[in-house]
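One structure is given below, encoded as structure tokens.
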Amino acid sequence: MAPIIRVENVHFTYQPEGGQPIHALRGINLTVEPGEYLAIVGHNGSGKSTLAKHLNALLLPTQGDVWVRDWNTRDRRHTLEIRATVGMVFQTPDNQIVATIVEEDVAFGPENLGVPHDELVQRVDWSLEQVRMIPYRHRAPHLLSGGQKQRVCIAGVLAMKPEVLVLDESTAMLDPRGRAEVLETVRRLNREAGVTVIAITHFMHEALDADRVIVMADGQIALEGPPRAVFSQVERLRELQLDVPPLTALARTLHRHLPDFPADILTLDEMVEAVRRQLNGRPLAAALPSPPPPTDTGEPLAVAEHLVHDYMRGTPLAVRALHDVNLEIRPGEIVGILGHTGSGKSTAVQHLNGLLRPHGGRVVVLGHDLGDNRVDVRALRRRVGLVFQFPEAQLFERYVGDDIAYGPRNLKLSREEVRERVRRAMAAVGLDFDTFKDRFTFSLSGGEMRRVALAGVLALEPEILILDEPTAGLDPQGRRQLWEQILKLHDTGMALVIISHNMEELAEVCHRLYVIAEGRTVLEGTPAQIFGQPRRLREMGLDVPVVTSLVDRLAEARLVEAAPPIYTVEQATRWLGEALHGKL
């Protein structure tokens, strides 16, 4: 059978106005077979998204050719057929939504393909059901959360019934249940309907389901092969600024001390079976002591009590987003906020710097009661920084340095102090001052834009920093570097509030966690207390770190006498290492 997509010696160069050419693709050769599930991974700026946009003629090669079936993407006579064959879901949902009602947006693509009305209705119903968005079909997209918007975009492409589905980081903003549901839908379309899937992702575990994994670096294909073969090359992946799934990292550490323990483990089932073989009939008895509760760090910097907020208040479209949210941020803390998509997390934190005012309850931040309209919220926002879920939307200046300098300049600081703040902020997010200050803002990759947006907030040097999904869209090394810099900010005494769907990240860094569901605070405690309730979290559409799931699975298999509260790879390594081999 002939390949459905052929990429032949493709080069592509961006030519930014007034800037240096950017060579994004350098001689890519690739074939995609009908019905294949292909995963593409790579660091930010490696060329993944640029390659994806060539697959349905959104971009045309500077050199070389892309063929979809027998159509060359350069031939504009076949652009409609190419885009009907290759459907694409982008990283940022706001760039794809065109209608004012959800179901109308989903209908937009197939309607433009001339699908008859009765079939159009069936397709819209089916695709909304696949992404669990039926209850929101009559909602305005701008009233949805970021994750809900992404589901609408995926539904819109599914409704076109493409032969090839390209997902460009399209699950990055979904909660764990939403991500699992979308991925299961994609797998089912691949297995049962024969849809070819090309998934671009920074979630290494998502690539485990693929038939083949391609690793890109600097516009070229650096590695290619089945998932097990690719992820066994740990040192090479780290050279390429990537990582391996947590269970693989755990297995490799154990393998170094237990040579007969398999090093190429990818899944929970494989890990449980490897531990079973290693134990040879004896139970795991080693246990870790529970971490001590955090000490009281003083009077709260910010408190929300019984917070209520309505969108479109006073209109027939009014929606209550928050019913009863309670939060407390203490000096020097790192506080994590979890919740399913649409739970109200982002709405809640926007009250902490006065972007939203409470419609019920009480919010006090740095001594200011935000129910009082006399509070100078502009002054408060200099002390409480907020980096939004899609920080790229915060960028507006032409040059990177000017965008980061915007806040300090409005503080009427001297030219020298503004420049120094910009330099410090860029260093904090891992951007070299001399390399990036004169770059065109919108020529950057998505991950680089995210760092610039964060730097713009850091340049104000706030006392409280709120980060809404700060690492979504970043490659593994980018995530590590950003967390290192964020933790350095915390070391200076800055309090941090972090919203994330990445359970491993929250487990590693947070002192306390809040769980919000259906506009209410339902759980509060240390990571050990919160992740010690995996069943309840899963009932709310959340998940636990994969090593916590591993402990649960070992307990279900009766391989452990008493499951300790484990939620980081480091803890799991120590626990299993002591149980199987003695201290590692």
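Here the sequence shown is numbered in the working numbering, starting from 174 and rising by one per residue. Cβ atoms here follow ideal geometry from the backbone N, Cα and C, with glycine treated the same way.
Straight through space, the alpha carbons of F615 and P564 are spaced by roughly 13 Å. The C-beta separation of E593 from Y579 comes to about 15 Å, leaving the pair out of contact by the 8 Å criterion. Less than 9 Å divides the Cβ of Q562 from the Cβ of E642. Nearest to D298 by C-alpha distance, out of G392, E276, D248, is E276. Judged by DSSP in its simplified three-state form, R530 adopts coil rather than helix or strand. The Cβ-Cβ distance between V180 and I213 does not fall below 9 Å. Between L198 and P176, the gap from beta carbon to beta carbon reaches 9 Å or more. If only complete runs of 3 or more residues are kept, the segment 536-594 shows the beta strand (DSSP E) at 557-560, in order along the chain.
Taking the C-beta atoms as reference points, D725 is found no nearer than 9 Å to P700. Around the beta-carbon of S673, 16 or more other beta-carbon atoms lie within 10 Å, marking it buried. Within the model, the alpha-carbon separation for T421 versus A436 is close to 7 Å. Going by beta carbons, L495 and A521 fall inside the 9 Å limit. Taking one beta carbon from each stretch, the segment 702-721 and the segment 684-694 have 3 or more pairs nearer than 8 Å; the two touch.
Comparing alpha-carbon positions, the option among L316, R312, P283 lying closest to Y484 turns out to be L316.
Nearest to V720 by C-alpha distance, out of A225, H482, N217, L439, is L439.
Annotation: the continuous beta strand (DSSP E) that includes E697 extends over 693-698. The alpha-carbon of Q654 is positioned some 19 Å away from that of G509.
Rounded to whole angstroms, the gap between the alpha carbons of R350 and G714 is 5 Å. Setting aside the 5 residues that flank it on each side, L431 is surrounded in the same chain by Q451, L753, H754, each with a C-beta closer than 8 Å to its C-beta; the list follows chain order.
With a cutoff of 9 Å on beta-carbon distance, P419 and P635 are scored as not near each other. At least 9 Å separates the beta-carbon of T246 from that of F185. Taken atom to atom, the span from the alpha-carbon of G471 to that of L203 is near 58 Å. Taken through DSSP and simplified to helix, strand or coil, Q523 comes out as coil. Of the residues R547, L286, V337, the one whose Cα lies closest to the Cα of E206 is V337. By the Cβ test, the segment 354-373 is in contact with the segment 325-339, since at least three Cβ pairs between them sit closer than 8 Å. Counting only unbroken stretches of 4 or more residues, the alpha helix (DSSP H) elements lying wholly within the segment 658-731 are 676-682, 700-704, 707-712, 719-729, in sequence order. Taking the C-beta atoms as reference points, P473 is found nearer than 9 Å to R503. In the same chain as I274, and ignoring 5 residues on each side of it, the C-beta atoms closer than 7 Å to its own belong to H311, A313, in chain order. Leaving aside the five residues that flank F404 on each side, the residues in its chain whose CB is nearer than 6 Å to its CB run, in chain order, V417, T421.
Judged by DSSP in its simplified three-state form, F404 adopts helix. For the pair V557 and S618, the Cα-to-Cα distance works out to about 27 Å. Per the coordinates, the alpha-carbon of L732 lies some 18 Å from the alpha-carbon of L423.
Shown here, Q654 sits in a helix according to DSSP, grouped into three states. Restricting attention to D716, G544, Y210, the CA atom closest to the CA of E365 is found in Y210. Looking at the DSSP output, Q188 sits in no beta bridge, so it has no partner there. If you draw a 10 Å sphere on the C-beta of G515, you find 16 or more other C-beta atoms in it, and that means buried.
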